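Okay, structure first, notes after.
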Amino acid sequence: MPIISNMEIFEAQNRISGVIHRTPLCHSESLGRMAGVEMFLKTENLQKTGSFKIRGAANKILALPREEGAKGIITASSGNHGQAVTYAARMCGYSATVVMPKGGSRVKADSIKEYGAELLFCGSTSEERISYARQLRAERGAVYVPPYDDLMVMAGQGTVGLEIMDDLDGIAAVLVPTGGCGLIAGIATAVKELNPSIAVLGVEPEGSNSTGISCRAGKRTALNTIKTVADGVRTTIPGELTFPVVQRYVDDMLTVTDKDILRAQYLILERCKILAEPTGAVSAAAILCGALPEKFKGRRVVAIVSGGNVSMEQLRESFDPPCRS
Ligand SMILES: *Cc1c(COP(=O)(O)O)cnc(C)c1O
Numbered sequence: 007m008p009i010i011s012n013m014e015i016f017e018a019q020n021r022i023s024g025v026i027h028r029t030p031l032c033h034s035e036s037l038g039r040m041a042g043v044e045m046f047l048k049t050e051n052l053q054k055t056g057s058f059k060i061r062g063a064a065n066k067i068l069a070l071p072r073e074e075g076a077k078g079i080i081t082a083s084s085g086n087h088g089q090a091v092t093y094a095a096r097m098c099g100y101s102a103t104v105v106m107p108k109g110g111s112r113v114k115a116d117s118i119k120e121y122g123a124e125l126l127f128c129g130s131t132s133e134e135r136i137s138y139a140r141q142l143r144a145e146r147g148a149v150y151v152p153p154y155d156d157l158m159v160m161a162g163q164g165t166v167g168l169e170i171m172d173d174l175d176g177i178a179a180v181l182v183p184t185g186g187c188g189l190i191a192g193i194a195t196a197v198k199e200l201n202p203s204i205a206v207l208g209v210e211p212e213g214s215n216s217t218g219i220s221c222r223a224g225k226r227t228a229l230n231t232i233k234t235v236a237d238g239v240r241t242t243i244p245g246e247l248t249f250p251v252v253q254r255y256v257d258d259m260l261t262v263t264d265k266d267i268l269r270a271q272y273l274i275l276e277r278c279k280i281l282a283e284p285t286g287a288v289s290a291a292a293i294l295c296g297a298l299p300e301k302f303k304g305r306r307v308v309a310i311v312s313g314g315n316v317s318m319e320q321l322r323e324s325f326d327p328p329c330r331s
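Using the numbering used here, the final residue of the sequence shown is 331, and nothing's skipped along the way.
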């Protein structure tokens with residue numbers, strides 16, 4: 007089983023440093039006081055395209071030989087990954103095609119179109135879309151960029167970890183929101199290979215906890231139903247390539263409720279002026295709701311604010327009174 011190492015992550019850092027933002031690591035005294043820790047937020051909501059996904063997409067696409075990229079880039083995600091892939095492809099002068107679900111969100115379709123992608127509509131499940139994307143890859147010779155289960159994508163996401171290690175000493179734990187596990191596989195590799203004494207903790211919504219279940223079962227285990235407000239981590243099973251990395255390097259998996267997530271989203275905006283999408287607030291939620299193990303009390307912990315792509319409608323929901331206290 008091929009597993010990435012820090013070498014691939016350092017290579018990714020060199021490859022993408024000119025096209026991504028080096029996002030600030032923000033200290034929040036106010037949130038830290040509430041949670042009884044020294045709390046830092048890695049602000050990937052400020053990243054190009056509004057989430058960390060550009061790191062993996064750019065690493066994969068910039069490394070392609072030009073004649074391969076020129077046949078076009080395909081992906082099946084209409085969310086942050088679709089925007090990131092489209093942005094990275096257009097930047098290189100390649101065409102981008104995004105396979106979207108029939109009857110999906112208009113807002114998302116418009117946004118992807120604005121980024122410059124061709125839109126194709128197919129089915130309603132991600133399996134149908136991925137198989138259509140694969141069929142297009144075969145027909146056109148185009149390059150398919152998976153959202154997490156890819157070594158170049160994982161290595162790109164790992165650059166978040168290198169930046170954190172560069173910016174801060176004395177870290178006790180790094181908390182990472184977890185869907186298909188590309189982000190946590192990359193960050194855990196970067197952090198653990200530089201300093202194995204730092205804990206890397208994954209955080210999932212209670213209603214979408216396939217990685218926690220898989221870790222406890224000792225093998226990849228699928229969920230039948232997913233229920234969470236955090237649309238960036240609605241994954242039914244961790245990746246084939248990413249999961250072994252999680253098993254090797256991740257110390258623990260924590261869960262949070264949707265209410266915890268929306269409250270964290272609210273507090274991060276109010277106290278730190280940082281705008282997160284619900285998924286972007288998942289790891290901070292674990293710290294703020296008391297899910298963090300006792301041994302980290304009073305110590306330095308970092309939460310990844312993984313994205314900030316949020317509609318005004320969603321924001322209004324988050325700010326309804328129940329989430330404020
Ligand atoms: C994709 C995404 C995640 C989860 O990343 P995985 O690599 O699938 O685990 C978390 N937060 C945001 C904002 C995302 O877009």
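The beta carbon of each residue, even a glycine, is placed where N, CA and C say it ideally should be. From a predicted model like this one, the values you see are computed outputs, not experimental measurements.
Cβ-based burial, residue i [other Cβ within 10 Å; buried from 16]
{"i": "residue 54", "result": "buried"}
{"i": "residue 230", "result": "exposed"}
{"i": "residue 206", "result": "buried"}
{"i": "residue 64", "result": "buried"}
{"i": "residue 218", "result": "buried"}
{"i": "residue 23", "result": "exposed"}
{"i": "residue 283", "result": "buried"}
{"i": "residue 224", "result": "exposed"}
{"i": "residue 81", "result": "buried"}
{"i": "residue 61", "result": "buried"}
{"i": "residue 378", "result": "Residue 378 lies beyond the stretch modelled for the chain, which goes from 7 to 331, so this question has no answer here."}
Residue from the options with nearest C-alpha to residue i
{"i": "residue 47", "options": "88, 122 and 294", "result": "294"}
{"i": "residue 26", "options": "73, 93, 215 and 72", "result": "93"}
{"i": "residue 310", "options": "52, 320 and 300", "result": "52"}
{"i": "residue 234", "options": "85, 214, 57 and 79", "result": "214"}
{"i": "residue 40", "options": "300, 317, 296 and 312", "result": "296"}
{"i": "residue 101", "options": "147, 256, 306 and 326", "result": "147"}
{"i": "residue 78", "options": "91, 85 and 84", "result": "91"}
{"i": "residue 291", "options": "274, 304 and 118", "result": "274"}
{"i": "residue 241", "options": "61, 80 and 211", "result": "211"}
{"i": "residue 263", "options": "282, 289 and 134", "result": "289"}
{"i": "residue 115", "options": "31, 319, 86 and 265", "result": "86"}
{"i": "residue 228", "options": "245, 130 and 238", "result": "245"}
{"i": "residue 110", "options": "121, 209, 125 and 203", "result": "125"}
{"i": "residue 271", "options": "308, 313 and 299", "result": "313"}
{"i": "residue 96", "options": "112, 120 and 83", "result": "120"}
Residue-chain proximity (residue i, chain D), Cβ-Cβ < 8 Å
{"i": "residue 247", "result": "You won't find chain D in this structure, because it holds only one protein chain."}
N-terminal and C-terminal residue of the alpha helix (DSSP H) that residue i is part of
{"i": "residue 96", "result": "86-97"}
{"i": "residue 207", "result": "Looking at the DSSP string, residue 207 is not in any alpha helix (DSSP H); the run it does join, the beta strand (DSSP E), is 205-211."}
{"i": "residue 181", "result": "Counting along the chain, residue 181 falls outside any alpha helix (DSSP H), though it belongs to the beta strand (DSSP E) covering 177-183."}
{"i": "residue 53", "result": "Note, residue 53: premise wrong, no alpha helix (DSSP H); not H, not E."}
{"i": "residue 2", "result": "The structure shown does not extend to residue 2, since the chain is modelled only from 7 to 331, so the question has no answer here."}
{"i": "residue 136", "result": "132-146"}
{"i": "residue 324", "result": "318-324"}
{"i": "residue 11", "result": "Where residue 11 is concerned, there is no enclosing alpha helix (DSSP H), given that its DSSP letter is neither H nor E."}
{"i": "residue 109", "result": "That residue, residue 109, is in no alpha helix (DSSP H); it is neither H nor E in DSSP."}
Enclosing beta strand (DSSP E) for residue i [first to last residue]
{"i": "residue 126", "result": "124-127"}
{"i": "residue 338", "result": "It is not possible to answer for residue 338, since the shown part of the chain is limited to 7 through 331."}
{"i": "residue 79", "result": "79-81"}
{"i": "residue 190", "result": "No beta strand (DSSP E) contains residue 190, which is instead part of the alpha helix (DSSP H) from 188-200."}
{"i": "residue 306", "result": "306-311"}
{"i": "residue 104", "result": "102-106"}
Closer than 7 Å: residue i CB and nearest ligand 3 heavy atom
{"i": "residue 210", "result": "Ligands present in the displayed structure are limited to ligand 1, and ligand 3 is not among them."}
Legend entry - Residue ranges of each alpha helix (DSSP H) within the stretch 16-45, 4 or longer: 35-41
Looking at C-beta atoms only, is the number of pairs between the stretch 150-158 and the stretch 166-184 that lie closer than 8 Å three or more? no
Practice task
Jot down the residue ranges of each uninterrupted beta strand (DSSP E) in the stretch 222-287, minimum 3 residues, whole runs only, in chain order.
Solution key: 258-262
Measuring CB atoms only, is the stretch 167-174 touching the stretch 93-111, in the sense that at least three cross pairs come out at less than 8 Å?
no
Notebook entry, point to check: When the Cβ atoms of the stretch 67-74 are set against those of the stretch 30-40, are three or more pairs found closer than 8 Å?
Noted result: no
Count Cβ pairs between the stretch 193-204 and the stretch 237-257 that sit closer than 8 Å; are there 3 or more? yes
Is the number of C-beta pairs between the stretch 128-148 and the stretch 161-168 that are closer than 8 Å three or more? no
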